[in-house]
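Single-structure report; data block below.
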Amino acid sequence: MPLRKQICACPLDCFDVCSLVVWTDEEGKITKLEGNKDHPITKGFICDKGRQHIERMYSPKRLKYPMRKLDGRWKRISWEDAFGVITDKLKSYWDRYGTKSIALYNYSGSNGKLKNIENLFFDFLGDTTRFKGSLCCGAGFAAQSLDFGCPRYHSFEDLLNSKTIVIWGKNPAETSLHLFAAVKRAKALGSAVIVIDPLATETAGIADRHVRPLAGGDCALACAAAKYIIEKQLYDKAFIEKHTDGFEALYHYLKTLDAAALSQRCGVGWNEIVELAETLCNSKPASIHIGFGLQRCLFGGTAVRSIDMLAALSGNIGIPGGGSNYANAVHEHLVWHGLNFPERQNRVLPRAKMGKALKEATDPPVKMLFISRSNPLIQNPNSGEVLDAVNGVEFKICLEHFMTDTAEQCDMVLPITYFLEEEDIIASDSWNGYIHYNVPCAPRYHEARSEAEIYTKLADLLQLPGFPMRAPGSWIEALLHPSVENGMDIEALFRDGFVRNPQDQDIPWQEGHFATENGRMKLIDTASLETCLSEDRIKKEKYKLLTIHKKNSLHSQHFLNEASPLPLVYISPSDAAVESVQDGSKVKLSNAFGEMEALVCISSSCQREVLFMYEGWWKKNGGSVNRLTDDRMSDIGMQAVFNECTCRIERL
Ligand SMILES: Nc1nc2c(c(=O)[nH]1)N[C@H]1C(S)=C(S)[C@@H](COP(=O)(O)OP(=O)(O)OC[C@H]3O[C@@H](n4cnc5c(=O)[nH]c(N)nc54)[C@H](O)[C@@H]3O)O[C@H]1N2
Ligand SMILES: Nc1nc2c(c(=O)[nH]1)N[C@H]1C(S)=C(S)[C@@H](COP(=O)(O)OP(=O)(O)OC[C@H]3O[C@@H](n4cnc5c(=O)[nH]c(N)nc54)[C@H](O)[C@@H]3O)O[C@H]1N2
Ligand code: SF4
Ligand SMILES: [Mo]
């Protein structure tokens, strides 16, 4: 019999940030979890990953105790011993090699804001080694920060005002179910849906028009459409004049570009380009929804900026039902209040080059590595090199729920509480403009502890100078203080479990004032366009390999129970014939970074010479797709370029 009902939010790094209703029985066990009907975005439904939370939380595979690897075997240890070993190691490496021999690698395993205590601890520890840059959305974030001052997303409700909805390099049918539901609702009410994606995704399945550019062809496509708009004098003169900088140069530059060359470069016929341009200008308002997939390439920043330019020229910025929607940077106030941070000269390594960077960091070498909220051996580019580099570090600690491939390579694992066992604030800059409050709903699983407890304890044992000692509850207060100052209704947050961030707006930039230095939108410069458009696009290997996100897993997390003996690779019917492979054929994929085995799935979603795989596969299923991915970085934003990957395919 369900007894207690509480409201929590899903902390997975997903656009939707669902509000959950959680039921706990007399023994304190969670028995039921469902989508909150009262939350304006969740609207009472959640995805399979959300529904699996109870199963994962009580999974026998969950880490129960701190463990240490000794002579290659895992041995249970007490928390006291774990803290003893960690503080001894910290002091010893610190004395022998300096604080920069100690590194923190953390990423996106949870949207819990209190989890950032990891960073806080390291800030007070000393000048250490940290990672910077993005595996996720960095190029586009940097792009919109240049263009608008910061990325902002139109509200969920405002989508219904769009006459045209353009979903560009985004696959919400798999990655954002609530956005997808809203798009379907808008379509039922009469909006036209255009999907721009090299793959025939499930999202493209509902489109009125599916434009299929070559991967990496978005800048050429946007420039081609912009050229048409300029030459036909269709652009929004009033908006351009009043609110933007940089038009004059663009106007002349776009005119000089050759239409046929642009069309060839993006792989989209001129008629289709014209149709896109006409629709954006004549079937307004048009909202563009730019995905994170399309900016994971060398010119990812330029691609997003060129789409922003197109949205501006067509007059779709700052109007109801419009927007060049990418991310929603409204939660920057969720940071600690009243702390005097020490000035730091950390050694900063690029996240996208984790393997190389760790190997090259020799003065001093990294001797001790904390890994938290992440699975870099699976998720980071060029994962073969990441494995080598991580193995080269003397002492590695992983804070986890499960024995992932990364945890398995470490010397100590610490069991972390599940979100339903801890207090936290949940918010994400990717879309949802609400702030959510989580209360502990159930007792902890075995000996799991939260990051807040672990790092506070370590700071105490080390007597870290200046580290602010607080009880977990008062961390939340410090975290919320700046938002309260900013107008957030804290009573509503604690009462309902969520509250809209006052920074979140239905129609960003409606008043014509941008967050840039001079308040005007900055149109992309012609030099950036020229560099991107003149890039040599010769493929290193025959097949382009896109590695995309899967509906039923958040990255590697839900591959925990995956049964397939090998990862699946999707190939077009015509390429399958060329390579003499059938459904289920075992193949080897290879390139200069590495090789892996996979099983073939023939799929008409693929274009000729474009393969796709889902990211997230574990070693037990044949290993990470990132053994093949490129560890260079995008033009801006230090973004990993997973989708630059090309490979050969060979039947085994
Ligand atoms: N179920 C589920 N949901 C998730 C996630 C998950 O792992 N699983 N991850 C979350 C996270 S962290 C993120 S970052 C987001 C990602 O969300 P999305 O951006 O929606 O997802 P991706 O799969 O990265 O890529 C989207 C699309 O980009 C297309 N694409 C690739 N290259 C190009 C290109 O050059 N041009 C164009 N036009 N399209 C291209 C791919 O074919 C793919 O269909 O999803 C979030 N939501
Ligand atoms: N080839 C390819 N690779 C990609 C991508 C791609 O599109 N293609 N996408 C990239 C993107 S967009 C992203 S965001 C990254 C994601 O990269 P990661 O963040 O490394 O990915 P996850 O697999 O989600 O790993 C998170 C881990 O954190 C653990 N975890 C969950 N909650 C907590 C917690 O509260 N505390 C602690 N300590 N741990 C917790 C989970 O069990 C899980 O093992 O992957 C990137 N990798
Ligand atoms: S993974 Fe995303 S869609 Fe699923 S419950 Fe969590 S926030 Fe909602
Ligand atoms: Mo991401």
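The working numbering puts the first residue of the sequence shown at 422, with every later residue one more than the last.
Cβ atoms here follow ideal geometry from the backbone N, Cα and C, with glycine treated the same way.
Item	Value
Give the range of the beta strand (DSSP E) segment to which residue 494 is assigned.	494 to 497
Just to check my reading of the structure: residue 975 and residue 429 have Cβ atoms closer than 8 Å, yes? What is that Cβ distance to the nearest angstrom?	17 Å between Cβ atoms; not a contact.
Quick check on residue 1048: does DSSP put it in helix, strand or coil?	helix
Which residues in the same chain have their Cβ closer than 6 Å to the Cβ of residue 721, if we skip the five residues on either side of it in sequence?	560, 1055 and 1060
So, does the stretch 932 to 948 touch the stretch 908 to 924, judging by three or more C-beta pairs under 8 Å?	no
Check whether the stretch 723 to 735 and the stretch 880 to 897 are in contact - that is, three or more C-beta pairs closer than 8 Å.	no
Can you name the start and end residues of the alpha helix (DSSP H) that residue 804 belongs to?	804 to 812
Mapping DSSP to helix, strand and coil, what is residue 425?	strand
Per DSSP, residue 510 forms a beta bridge with which residues?	Answer is none; residue 510 lacks a bridge partner.
Out of 696, 744, 856 and 794, state which residue places its alpha-carbon closest to the alpha-carbon of residue 751.	856
For ligand 4, which residues count as neighbours when the test is a C-beta closer than 7 Å to any heavy atom?	434, 529, 556, 557, 558 and 713
Can you tell which of 1029, 1028 and 1011 has the C-alpha that lies nearest to the C-alpha of residue 1069?	1011
From 689, 662 and 709, pick the residue whose C-alpha is nearest to that of residue 600; which is it?	709
In its own chain, which residues sit with a C-beta less than 8 Å from the C-beta of residue 773, not counting the 5 before and 5 after it?	554, 555, 556, 801, 802, 1052, 1053, 1054, 1059, 1060, 1061 and 1062
Going by Cα to Cα distance, which pick from 549, 1006, 714 and 685 is closest to residue 588?	714
At 4 residues or longer, and completely inside the stretch 582 to 653: list those alpha helix (DSSP H) runs for me, N to C.	593 to 596, 598 to 609 and 639 to 652
Answer yes or no: do residue 564 and residue 586 have a C-beta to C-beta separation smaller than 8 Å?	no
Would you report the Cα separation of residue 879 and residue 872, rounded to the nearest angstrom?	10 Å
At what residue ranges does the stretch 732 to 773 contain a whole run of the alpha helix (DSSP H), taking only runs of 4 or more?	none
In this structure, how does DSSP classify residue 571 when only helix, strand and coil are distinguished?	coil
Look at the alpha carbon of residue 797 and the alpha carbon of residue 825, and state the distance between them as a whole number of angstroms.	10 Å
Thinking C-beta only, is residue 844 closer than 8 Å to residue 911?	no
Could you have a look at residue 890 and say whether DSSP puts it in helix, strand or coil?	coil
Is residue 470 near ligand 3, going by C-beta to nearest heavy atom under 7 Å?	yes
Are residue 667 and residue 944 closer than 8 Å when you measure CB to CB?	yes
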